[in-house]
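Everything on this sheet refers to the single structure shown next.
Here it is in structure tokens:
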């Protein structure tokens, strides 16, 4: 009988080990399942966020640029006449979305030149272009009789670089569609 009791006790211990192992595995599985459910719930945007993203993606990017210079009261006003040699002008931008931009000039219908490349413009109205943490100014040269300034914009740096590369084969800025220009 002792062998029989010993076999029964060994069988019970074996059953307990199997039961403990399967219980632990089941509990770990349930915990992982619940954790994945919580993560999916937290990472999935709600219906309001989805609707807002759809609305934002459908809004067309609005950009306007105008040449400005300071008046006698040191206030920016729209450029109303051809500036004289040595005067400084700047550019006021309005946009409804954050953009990356480059400013290109074409003095006297010569070849376009890049004045600055890839700055980030935050959304807002009537902002003076800021480059290297200060207002950007262009000093008019004596030879600048007719100058065109164009702002090339894109949503990110890579797209902006592609747009600039596509313009490099063109002789004049006026041949480039989808850019925002001012001139005198």
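Residue numbers (the working numbering): 138 to 321.
Backbone N, C-alpha and C fix where the C-beta goes; we use that ideal spot for every residue, glycine too.
Residue i burial status per 10 Å Cβ neighbour count (16 or more: buried)
i: residue 143; result: exposed
i: residue 147; result: exposed
i: residue 284; result: buried
i: residue 291; result: buried
i: residue 169; result: exposed
i: residue 239; result: buried
i: residue 155; result: exposed
i: residue 167; result: exposed
Top-ranked residue by Cα proximity to residue i, from the options
i: residue 246; options: 287, 153, 291 and 169; result: 287
i: residue 251; options: 298, 271, 263 and 293; result: 298
i: residue 231; options: 214, 223, 258 and 212; result: 258
i: residue 273; options: 204, 302 and 170; result: 204
i: residue 254; options: 202, 278, 301 and 233; result: 301
i: residue 200; options: 167, 165, 149 and 236; result: 236
i: residue 276; options: 187, 181, 206 and 151; result: 206
i: residue 248; options: 188, 305, 217 and 172; result: 305
i: residue 262; options: 239, 242 and 228; result: 228
i: residue 244; options: 317, 189, 279 and 295; result: 279
i: residue 264; options: 158, 189, 202 and 172; result: 202
Strand pairing of residue i, partner residues [DSSP]
i: residue 272; result: 267
i: residue 260; result: Answer by DSSP bridge pairing: none, since residue 260 is not bridged.
i: residue 321; result: The partner list for residue 321 (beta bridge, DSSP) is empty, contrary to what the question assumes.
i: residue 329; result: Beyond the ends of the chain as shown, which are 138 and 321, falls residue 329; an answer cannot be given.
i: residue 285; result: 243 and 320
i: residue 214; result: 206
i: residue 248; result: Paired residues: none, contrary to the question.
i: residue 290; result: 238
i: residue 253; result: 240
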